[in-house]
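What follows is one structure encoded as structure tokens, with my remarks underneath.
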Amino acid sequence: VEALDLDKEDPLVRDRYGRGSADPAFGEDAGPHWMDQFLMARRLVEAGVRCVTLSFGSWDRHGANFERLPIQLAKFDQGITALVEDLHVRGLDQDVSVVAWGEFGRTPRINKDGGRDHWPQVSCCLLAGGGMRVGQVIGSTNRLGEVPQDRPIHYQEVFATLYHRLGIDVGNTTILDQAGRPQYLVDHREIIRELI
324 VEALDLDKED PLVRDRYGRG SADPAFGEDA GPHWMDQFLM ARRLVEAGVR
374 CVTLSFGSWD RHGANFERLP IQLAKFDQGI TALVEDLHVR GLDQDVSVVA
424 WGEFGRTPRI NKDGGRDHWP QVSCCLLAGG GMRVGQVIGS TNRLGEVPQD
474 RPIHYQEVFA TLYHRLGIDV GNTTILDQAG RPQYLVDHRE IIRELI
């Protein structure tokens, strides 16, 4: 419980991570402690928690991208940058993987409402830490961001890579489903070699 008490943290560190919600205009998705989650995540990891999930919502922008995203992206950048740098400074970057990912991409073209709609053909993922070879871009799209062009990666390959970094052999490890049948953890079991 002490790990969740951010009042025990240096005020300068709190300011670096950001405080409270990104912007009340984002509604319930933002929550009152949107920015505090990043610092709580670091404190929980230091306290021995093995898996921490953050919810940083309000990305489903079918409209008003140009009004809302500059605020939202700046806050996300502040929080994720502070977390990754802090993990590195504290020597936790080899043991802690940071994954920032949505469930799909957005349309390459702006719609009539100044937003972007759902686009499952391409997406992106940010990976940091975890003893991986970071600081690189893997894969690309065509010039309009419509389809994969070079080195497409299936989302299950990201999971396979994370499992691999945890010491789990995704090529052989199975779990029993509700019917008692063995199932692999992921169907696409290739790891992303560029990260290892």
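Position one of the sequence shown corresponds to residue 324 (the working numbering), numbered consecutively onward. Backbone N, C-alpha and C define an ideal beta-carbon position, used for all residues, glycine too.
Could you give the C-beta distance for residue i and residue j, rounded to a whole number, given that I count them as a contact under 8 Å?
i: valine 470; j: valine 445; result: 6 Å
i: cysteine 448; j: valine 419; result: Their Cβ separation, rounded to whole angstroms, is 16 Å, which puts cysteine 448 and valine 419 out of contact at 8 Å.
i: glycine 425; j: tryptophan 382; result: 6 Å
i: leucine 450; j: valine 457; result: 7 Å
i: glycine 437; j: alanine 387; result: 6 Å
i: methionine 455; j: arginine 413; result: About 17 Å; that fails the 8 Å criterion.
i: valine 407; j: glycine 453; result: In fact, because the Cβ distance is near 11 Å, the residues do not count as touching under 8 Å.
Quick check: the Cα distance between residue i and residue j, rounded to an integer number of angstroms?
i: glutamine 472; j: serine 463; result: 6 Å
i: arginine 391; j: lysine 398; result: 11 Å
i: isoleucine 433; j: glycine 468; result: 12 Å
i: glutamine 501; j: isoleucine 476; result: 29 Å
i: threonine 497; j: histidine 511; result: 13 Å
i: alanine 326; j: isoleucine 394; result: 28 Å
i: tyrosine 486; j: glutamine 506; result: 15 Å
i: alanine 405; j: histidine 385; result: 29 Å
Where does residue i fall in DSSP's three states?
i: alanine 370; result: coil
i: aspartate 330; result: helix
i: glycine 466; result: According to the sequence provided, residue 466 is arginine. The question's glycine does not apply to it. Three-state DSSP puts arginine 466 in coil, outside helix and strand.
i: glycine 402; result: helix
i: leucine 449; result: strand
i: glutamine 417; result: coil
i: isoleucine 498; result: strand
i: arginine 432; result: coil
Considering only residues of the same chain and omitting the five flanking positions on each side of residue i, which have a CB-CB separation below 7 Å?
i: valine 368; result: Val375, Leu415, Val419
i: threonine 430; result: Arg439, Asp440, Trp442
Short of 6 Å in beta carbon distance, which residues of its chain neighbour residue i, apart from the five on each side in sequence? Order them along the chain.
i: glutamate 517; result: Ile461
Residue i: beta carbon under 6 Å from a heavy atom of the ligand COA?
i: glutamate 513; result: As far as ligands go, the structure on display features none, and thus does not contain the ligand COA.
Once you ignore the five residues that flank residue i on each side, which residues in its own chain have a CB closer than 8 Å to its CB?
i: leucine 499; result: Pro505, Gln506
i: glutamate 332; result: Leu362, Arg366
Comparing the C-beta of residue i with each C-beta of chain D, is any distance below 7 Å?
i: lysine 331; result: In the structure shown, chain D cannot be found, because there is only a single protein chain.
* Does the stretch 359-374 touch the stretch 330-341, meaning 3 or more C-beta pairs lie closer than 8 Å? -> Segments in contact, yes.
Below 8 Å, how does it come out for the stretch 486-493 and the stretch 435-444: are there three or more Cβ pairs, yes or no? Contact fails between the stretch 486-493 and the stretch 435-444, because fewer than three Cβ pairs, one in each stretch, are under 8 Å apart.
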